[in-house]
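> Residue numbers (my numbering): 42 to 359. Handing you a structure now.
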């Protein structure tokens, strides 16, 4: 089967259809959850936002933990963002908020994508020269290893007209394809965006923001309450391998394994979200202080009782 310029060749179409149906059926269940769990969802969104920002920036080499990200976004002050990691966190926070608050009004268009890139990079002084503009120099997809060295994953589309044309074609295909399932369409859009790598920097982070935008515009609004980015970070090696394996045969490559990976990530985070909702429901009987402790521990695994006392201003036992 041909989708856009790619081959998509599932071995078992019936199984794929069942998996897509399972993902879609969650929406009906989610609507009921939304109606009864407003307070719970507010807490989940806060946690998901922190985890998404932390994970997506760490994938690209940031060293900030979720706990540090949480403190930073609670005390955002543009004049204090002198560290590049902090600048990237602030930009991701702004872009993610823009998407979750205004996704209905954001068109899948080159102008919108450039604006999101500009928002993502607006706090980064190093990137001021290319914010919101397509790349002017060759770039490549690289993986940051534990020791800080870079490993090339694949080469990308050449700057100038090739990138401009590739983005025009990608956006035109996405907006005109009314037959491909929206989850498969989103997976392929993200894959080709990463393959083009249209901006000088920030493409990885922007690709994950675009995934959230595409999913929310297609009706999968539950995505803002759980971290897709955290799942990618957890499976970082697999993420890069799927990209690299497909890229080897570019152009006209088979993207089946990448699509399956994308869908499996969504299936996993759906299950995580349901579990979190159930846990939150079971905690409704406990007091506000206990709920604050639960939320703090969730964002800071391994936190000591002393640090909990300091963060929540709880008097230490005597």
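The beta carbon of each residue, even a glycine, is placed where N, CA and C say it ideally should be.
Once DSSP output is grouped into helix, strand and coil, what is the label at residue 112?
Sequence index remark: in the chain shown, residue 112 carries index 71 (1-based). In the structure shown, residue 112 sits in a helix (DSSP, three-state: H, G or I).
> Going by DSSP, which residues form a beta bridge with residue 348?
Your numbering for residue 348 matches position 307 in the chain shown. DSSP, once it has assigned bridges, lists no residue as partnering residue 348.
> By how many angstroms is the C-alpha of residue 70 removed from the C-alpha of residue 162?
Taking the first residue of the chain shown as 1, we reach residue 162 at position 121. Taking the first residue of the chain shown as 1, we reach residue 70 at position 29. Using only the alpha carbons, I get a separation of about 36 Å.
> Which value, in whole angstroms, describes the spacing of the CA atoms of residue 65 and residue 300?
Counting from 1 along the chain shown, the entry for residue 65 is found at position 24. Counting from 1 along the chain shown, the entry for residue 300 is found at position 259. So the two alpha carbons sit approximately 16 Å from each other.
> Comparing C-alpha positions only, which one of 321, 355, 338, 350 sits nearest to residue 78?
Translated into positions along the chain shown, residue 78 becomes position 37. When each option's Cα is compared against that of residue 78, the closest is 321.
> Within this structure, are the beta carbons of residue 180 and residue 127 separated by less than 8 Å?
The residue you call residue 180 lines up with position 139 of the chain shown. The residue you call residue 127 lines up with position 86 of the chain shown. Cβ distance not < 8 Å, so residue 180 and residue 127 don't count as in contact.
> With 16 other CB atoms within 10 Å as the buried threshold, where does residue 263 fall?
Here residue 263 refers to the residue found at position 222 of the chain shown. Answer is buried; the Cβ neighbour count reaches 16.
> Where does residue 177 land, buried or exposed, given buried means 16+ other C-beta within 10 angstroms?
Start at 1 with the first residue of the chain shown, and residue 177 comes out as number 136. Residue 177 should be labelled exposed.
> Going by Cα to Cα distance, which pick from 287, 281, 224 is closest to residue 257?
Translated into positions along the chain shown, residue 257 becomes position 216. Comparing Cα-Cα distances from residue 257 to each of 287, 281, 224, the minimum goes to 224.
> Excluding five sequence neighbours on each side, which residues of the same chain lie with their C-beta closer than 8 Å to the C-beta of residue 212?
Start at 1 with the first residue of the chain shown, and residue 212 comes out as number 171. The residues are 149, 150, 151, 154.
> Taking DSSP's pairing of strands, which residues face residue 91 in a bridge?
If you number the chain shown from 1, residue 91 lands on position 50. Residue 91 is not bridged to any residue.
> Cutting at 6 Å between CB atoms, please list the residues of its own chain near residue 215, excluding the five before and the five after it.
In the chain shown, the residue the question calls residue 215 occupies position 174. Cβ within range, chain order: 149, 230.
> Using 8 Å as the cut-off, can you tell me whether the segment 195 to 211 makes contact with the segment 93 to 104, which would need three or more C-beta pairs spanning the two stretches below that distance?
With a cut-off of 8 Å, the segment 93 to 104 and the segment 195 to 211 do not count as touching, because too few Cβ pairs lie within range.
> Applying the 10 Å Cβ sphere with the 16-neighbour rule, what's the burial state of residue 353?
Walking along the chain shown from the start, residue 353 turns up at place 312. Flag for residue 353 reads exposed.
> Quick one: what does DSSP say residue 261 is sitting in, helix, strand or coil?
For the purposes of this step, residue 261 is taken as residue 220 along the chain shown, with counting starting at 1. Coil, per DSSP.
> What are the residues that DSSP puts in a beta bridge with residue 183?
Indexing the chain shown from 1 puts residue 183 at position 142. In DSSP, residue 183 forms a bridge with 193.
> With C-beta atoms as the reference, is residue 158 less than 8 Å away from residue 247?
Along the chain shown, read from residue 1 onward, the residue named residue 158 stands at position 117. Along the chain shown, read from residue 1 onward, the residue named residue 247 stands at position 206. Yes; because the gap between Cβ atoms is below 8 Å, this pair is in contact.
> Checking the sheet assignment: what are the DSSP bridge partners for residue 266?
Position 225 of the chain shown holds residue 266. Paired residues: none, contrary to the question.
> Could you check where the alpha helix (DSSP H) with residue 223 kicks off and where it finishes?
The residue you call residue 223 lines up with position 182 of the chain shown. Unbroken alpha helix (DSSP H) run through residue 223: 223 to 237.
> Ignoring anything shorter than 3 residues, give me the beta strand (DSSP E) runs that lie fully in the segment 114 to 155, in order along the chain.
For the segment 114 to 155, not a single whole beta strand (DSSP E) run of length 3 or above is found.
> Which residue or residues does DSSP assign as beta-bridge partners of residue 44?
Taking the first residue of the chain shown as 1, we reach residue 44 at position 3. According to DSSP, residue 44 bridges with 47.
> Please report how far the alpha carbon of residue 310 lies from the alpha carbon of residue 347, in whole angstroms.
Start at 1 with the first residue of the chain shown, and residue 310 comes out as number 269. Start at 1 with the first residue of the chain shown, and residue 347 comes out as number 306. Cα to Cα, residue 310 sits roughly 32 Å from residue 347.
> Any idea which residues DSSP pairs residue 168 with across the strands?
Here residue 168 is taken as the residue at index 127 of the chain shown, counted from 1. For residue 168, which the question treats as bridged, DSSP gives no partner whatsoever.
> Helix, strand or coil for residue 359 per DSSP?
Against the chain shown, residue 359 aligns to sequence position 318. Confidence in residue 359 is poor, its pLDDT being 49 and thus under 50, which makes the residue's placement too unreliable to answer from.
> Going by C-alpha to C-alpha distance, which of 220, 238, 60 sits closest to residue 198?
For the purposes of this step, residue 198 is identified with residue 157 of the chain shown, where counting begins at 1. When each option's Cα is compared against that of residue 198, the closest is 238.
> Select from 133, 232, 132, 265 the residue whose C-alpha is nearest the C-alpha of residue 83.
Taking the chain shown and counting its residues from 1, one reaches residue 83 at position 42. It is 265.
> Between residue 193 and the rest of its own chain, which residues show a CB-CB distance below 7 Å, the 5 nearest in sequence each way excluded?
Within the chain shown, numbered from 1, the residue matching residue 193 stands at position 152. Once the five neighbours on either side are set aside, the close Cβ partners of residue 193 are 181, 183.
> Identify which residue in 303, 59, 253, 87 has its Cα closest to the Cα of residue 279.
On the chain shown, position 238 is the one that residue 279 refers to. Selected option, being the one with the closest Cα: 303.
> For residue 138, is the classification buried or exposed, using 16 other Cβ atoms within 10 angstroms of its Cβ as the cut-off for buried?
What you label residue 138 is simply residue 97 of the chain shown in a count that begins at 1. That one is exposed.
> Find out if the Cβ-Cβ distance for the pair residue 195, residue 251 is shorter than 8 Å.
Counted from its first residue, the chain shown places residue 195 at position 154. Counted from its first residue, the chain shown places residue 251 at position 210. Against a cut-off of 8 Å, the Cβ pair of residue 251 and residue 195 comes out as no contact.
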